[in-house]
Each structure stands twice: as C-alpha cells, then as structure tokens.
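Numbering (the UniProt record's numbering), first residue to last: 1 to 103.
From the three backbone atoms N, C-alpha and C, an ideal C-beta is built for every residue, glycine too.
The structure presented is a predicted model; accordingly, all values stated were derived computationally and were not measured.
Below: the structure, in structure tokens.
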C-alpha cells in the first residue's frame, strides 16, 4: 500500500487498507496505483476513480481534467514591429541607459 500512497499522496489516502480518493488523478498516477495493486483490487479502484470523476466533474478545473489549452502571449508594437511583450523589451529606460553606456 505504500506504493499506492506514494503515487498520489495529495489526491488519495489509504486508511485501514481502504483507498479513499480525494482528488482527480493524472493518468500517470492512475497507472502507478493500478500497477501497485493486484488485478481484482485494481479493478475496484478503477471503479472508484470513475465514480469520483463522474460525481465531481462539474467542480473540476480544465487542468484537473487533463485538458490542455493555449494561453496567448501579450504582444506590443515597438518601432513599427509587433514583438513579444517581454519585460526586457518594455523597460525602455534601461535600454537607453545600456545604449549610452550608463547601465
């Protein structure tokens, strides 16, 4: 049971030989838990995981459900060009100091 506990210590607990699911497991964590258990116990835990996910799906953030999404980068127009808005590029005062040798 130590391997089960170690697979996802913040998302499941093991008490008196019973596994209690308290959060959404990532695929790698599920695989580690199932591999650490005998086949009949792994099948039972699979059912528990599926029931937990079905019951709590409406509460979960997309990242908890394993969904990926793209976050756009902020862009800025500088001297007629569209560039990524990195702090190094937007800190014009430091750029001027470096250019004249005072920074």
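When DSSP assignments are scanned along the stretch 4–34, the uninterrupted stretches of beta strand (DSSP E) that are 3 or more residues long and fall wholly within it turn out to be 12–15 and 18–21. Judged by DSSP secondary structure, residue 53 falls outside any beta strand (DSSP E) and instead within the alpha helix (DSSP H) spanning 39–56. Per DSSP, reduced to three states, the secondary structure at residue 64 is coil, with no helix or strand assignment. Setting aside the 5 residues that flank it on each side, residue 42 is surrounded in the same chain by 34, each with a C-beta closer than 6 Å to its C-beta; the list follows chain order. Per DSSP, residue 70 lies in no beta strand (DSSP E) segment and is marked neither H nor E. Separation of the CB atoms of residue 26 and residue 66 is rounded to 7 Å, and the pair is thereby assigned contact status at 8 Å. Between the beta-carbon of residue 85 and that of residue 99 there is about 20 Å, and that puts the pair past the 8 Å contact cut.
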